[in-house]
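Colleague:
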Amino acid sequence: MDSATGEQVSADLPWSHILLACSVIVLEAGAARFLELGNADQLLISGVRCCVQLTCLGFILAPIFEMRSPLLVLGYVFGFMVLVSAYEAAARPKVTYPGMFSKAVVSLGSALLLNGLLLLYIVRPAPWYDAQYVIPLAGMLINNSLSGVALALNAMIDYLHGNKEQVEVLLAFGASPWEAAWPGFVKSVQAALIPAINGMNVVGLVSIPGMMTGQILGGAPPMKAARYQIVITFLIAGCTFAAVVLICVFTIQAFFDPRGRHDDSEVKPQSRLNISRLLDCSKWPSRTPKAAGQAESLPAGAERCGTPLVLQQSWQKSTGGRRILDLALDGQVGPRPLKAALQVGAGEVLCVMGASGVGKSTMLKWIADLTSSGASKMSLGGEDSRRMAPQQWRREVLYLHQIKAPLPGTPHSFIQSLGKLRANHDRPQLQVRPLLPSVGLDERLLERPWSELSGGEAQRMMLAIGLATEPSCLVLDEPTSALDEASKQLVEATLKSRGKDCGIIMATHDTKQAERVGSALWTFAATP
């Protein structure tokens with residue numbers, strides 16, 4: 001049987017020739033020191049590590065090649081190569097979530113297994129577990145998949161953690177976790193596949209790829225080497241795609257709870273060292289006495305419980321029509337326990353006031369089932385929230401954020417994306433244009449990017465979109481905080497004229513606004 005690199009074995013290289021090649025690195029480091037580049041030591045250390053690591057690899061592979069044991073070959077591939085690659089992929093993002101390493105193992109291992117079986121069927125070594133074929137080919141598949149998984153993890157975590165407001169806006173309008181994460185999923189997969197696509201575009205033009213080079217150096221005919229390279233290039237792309245899709249799916253699952261609420265509370269700063277840092281003792285984290293003292297003092301502060309909160313009714317001008325929303329909340333708003341019971345009737349505007357940071361936004365998200373702060377009994381029109389699909393509840397109890405979410409595209413594209421949600425499949429198309437004059441907006445703003453809208457314009461645009469969805473109850477978090485007085489009065493008039501079929505819960509800091517708009521005022525107060 002031919003060798004893995006061709007019909008002939010390439011000539012052996014004596015250590016004297018290797019030392020001649022090492023002189024290039026030494027000269028490069030000397031030039032770097034002369035030019036004061038600051039990386040001369042890094043060049044020398046990297047060169048030494050390269051020699052040591054590849055020499056160790058040769059010593060490890062030699063007995064594996066000689067023993068011809070399928071268990072040993074597969075154990076090395078899946079028990080060492082996959083684990084090390086998964087560790088490296090999980091160590092590259094700046095933050096981490098529980099189980100990220102194990103999910104990277106499953107993603108890389110599954111992708112390698114599927115594409116590796118196809119590769120073995122195409123190449124057909126005899127025996128099928130021939131280490132001379134299996135280990136180099138598996139290494140090429142894993143190495144490229146590792147880069148893709150690391151890129152996908154970075155992009156997916158950045159979307160779900162760094163841009164969580166965008167995710168929560170979509171959830172608030174009734175999106176499922178998959179629908180809310182879909183824009184990030186698409187961008188993550190696209191970014192992760194760029195190296196593989198670029199590699200296929202330029203392979204054979206800019207340089208001869210590694211596998212083809214090895215076969216030609218080993219004496220294989222160029223056409224035979226080209227056919228092998230075509231196969232491995234395609235399967236590298238397939239393995240990368242499978243691993244990237246799997247890690248993105250696993251990451252999305254990790255950022256949502258069983259009710260489909262976005263939950264990044266377990267996301268922590270990255271504590272793993274990647275392989276290059278792990279092998280560099282100077283990069284190991286040190287625990288100074290000061291840091292240790294600080295770490296020991298944290299739990300004591302974390303255990304302190306805040307003063308209980310009370311949500312009490314300050315006044316009530318009028319009552320609404322039929323009861324829309326019944327709420328009984330019992331849980332934590334930040335560090336403070338809260339018990340509250342309130343009802344919202346049709347046509348009512350229930351205003352909520354309290355000091356900044358007291359927990360108004362948290363409570364409003366709790367009502368809209370966007371966060372879980374404890375036990376609650378909520379019903380909409382007499383139907384218990386636990387018997388309703390989470391997306392249906394959020395669609396009917398619509399929460400609008402206090403600040404403009406960093407949404408991509410334009411309001412028009414956002415409206416189109418809302419129309420595609422599963423929760424809206426049986427509803428007519430949103431009619432936002434007729435509502436824009438009532439909040440003082442020109443319809444031409446629908447085609448302007450969100451990033452070009454002022455804070456007040458974005459706030460009113462989002463309110464108009466929310467009103468167009470015709471929810472049973474609107475939950476508004478300071479909807480006029482960025483508006484001037486004239487625009488504020490327009491919004492207040494719109495809210496008061498919502499009709500008899502919708503209730504409104506509105507957080508505000510403006511006492512006069514509460515008196516102008518509110519049917520009742522509820523105030524946060526701490527118990528003595």
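Quick note on the UniProt record's numbering: the sequence shown kicks off at 1 and runs consecutively.
Glycine is no exception: its CB is placed at the ideal position from the N, C-alpha and C atoms.
Note that the structure is predicted; figures quoted are calculated from it, not measured.
What residues in its chain sit with their C-beta under 7 angstroms from that of F65, if we drop five residues either side in the sequence?
Modeller: Contacts found: A131 and Q132.
Colleague: What residue range does the beta strand (DSSP E) around V344 cover?
Modeller: First-last of the beta strand (DSSP E) with V344: R336 to G345.
Colleague: Going by DSSP, what residue range makes up the beta strand (DSSP E) through Y399?
Modeller: Start and end: V397 to L400.
Colleague: As a quick exercise: from G331, Q270, G382 and V333, pick the residue whose alpha carbon is nearest that of L325.
Modeller: L325 has its Cα closest to that of G382, out of G331, Q270, G382 and V333.
Colleague: With distances taken from CA atoms, which of L521, A458, Q332 and S23 is nearest Q312?
Modeller: Among L521, A458, Q332 and S23, the Cα nearest to that of Q312 belongs to L521.
Colleague: Since K164 is in the alpha helix (DSSP H), which residue starts that stretch and which ends it?
Modeller: K164 to A172 is the span of the alpha helix (DSSP H), which, as asked, contains K164.
Colleague: Would you list, in sequence order, the uninterrupted alpha helix (DSSP H) runs of no fewer than 4 residues that lie entirely inside the stretch 429-506?
Modeller: Within the stretch 429-506, the complete alpha helix (DSSP H) runs of at least 4 residues are 455-468 and 485-496.
Colleague: My guess is that L364 and D477 are in contact by the Cβ rule of under 8 angstroms, so how many angstroms apart are they, rounded?
Modeller: Correct: roughly 5 angstroms between the Cβ atoms.
Colleague: Pull up the distance between the alpha-carbon of A90 and that of M353, whole angstroms please.
Modeller: If I take the Cα positions, the gap works out to 44 angstroms.
Colleague: What does the Cβ neighbour count give for A152, buried or exposed, with the cut at 16 atoms within 10 Å?
Modeller: Flag for A152 reads buried.
Colleague: On the criterion of 16 or more Cβ atoms from any shown chain inside 10 Å, does S451 qualify as buried, or is it exposed?
Modeller: Flag for S451 reads exposed.
Colleague: Cα separation between I505 and R259?
Modeller: Those two C-alpha atoms are separated by around 23 angstroms.
Colleague: By Cβ distance below 6 angstroms, which residues in the same chain neighbour S376 in space, the five residues on each side in sequence not counted?
Modeller: Hits under 6 angstroms: L329.
Colleague: How many Å lie between A514 and P308 at the Cα?
Modeller: About 25 angstroms.
Colleague: Which class does P269 belong to by DSSP, given the choice of helix, strand or coil?
Modeller: Strand.
Colleague: In this structure, does DSSP put W128 in helix, strand or coil?
Modeller: The answer is coil: DSSP assigns W128 none of H, G, I, E or B.
Colleague: Under DSSP, the beta strand (DSSP E) around K377 begins and ends at which residues?
Modeller: Taken as a continuous stretch (DSSP letters only), the beta strand (DSSP E) holding K377 covers G374 to L380.
Colleague: I need the straight-line Cα distance from L298 to Q270, nearest angstrom please.
Modeller: Only weak support is given to the placement of L298: the predicted model assigns it a pLDDT of 38, under 50, and the value that follows is read from those uncertain coordinates. Their backbone Cα atoms lie some 19 angstroms apart in a straight line.
Colleague: Alpha carbon to alpha carbon, how far is D158 from A464? Give it in angstroms, no decimals.
Modeller: One C-alpha to the other measures close to 29 angstroms.
Colleague: What three-state label does DSSP hand A90 in the structure shown?
Modeller: Helix.
Colleague: What number of angstroms, rounded off, separates the C-alpha of S23 from the C-alpha of L13?
Modeller: Spanning the two alpha carbons is a distance of roughly 16 angstroms.
Colleague: Give me whichever residues DSSP pairs with M353 in a beta bridge.
Modeller: Looking at the DSSP assignment, M353 forms a beta bridge with T523.
Colleague: Which same chain residues, not among the five before or five after A302, have their C-beta less than 6 angstroms away from its C-beta?
Modeller: Only weak support exists for where A302 lies, its pLDDT of 37 falling under 50; the value from the coordinates is given anyway. There are no such residues.
Colleague: Based on DSSP bridge pairs, tell me the residues matched to T96.
Modeller: In DSSP, T96 forms a bridge with K268.
Colleague: So, helix, strand or coil for A328, using DSSP?
Modeller: If DSSP states are grouped into helix, strand and coil, A328 belongs with the strands.
Colleague: Would you identify the three-state DSSP class for D510, choosing helix, strand or coil?
Modeller: Three-state DSSP puts D510 in coil, outside helix and strand.
Colleague: Is it right to say Y121 is buried, meaning 16 or more other beta carbons lie within 10 angstroms of its own, or is it exposed?
Modeller: So Y121 counts as exposed.
Colleague: Once DSSP output is grouped into helix, strand and coil, what is the label at E383?
Modeller: Three-state DSSP puts E383 in a strand.
Colleague: Do the stretch 161-181 and the stretch 217-236 make contact, defined as three or more Cβ pairs closer than 8 angstroms?
Modeller: Too few Cβ pairs lie closer than 8 angstroms, so no.
Colleague: Would you decide whether I194 is buried or exposed? Buried here means 16 or more other CB atoms lie within 10 Å of its CB.
Modeller: Per the 10 Å Cβ criterion, exposed.
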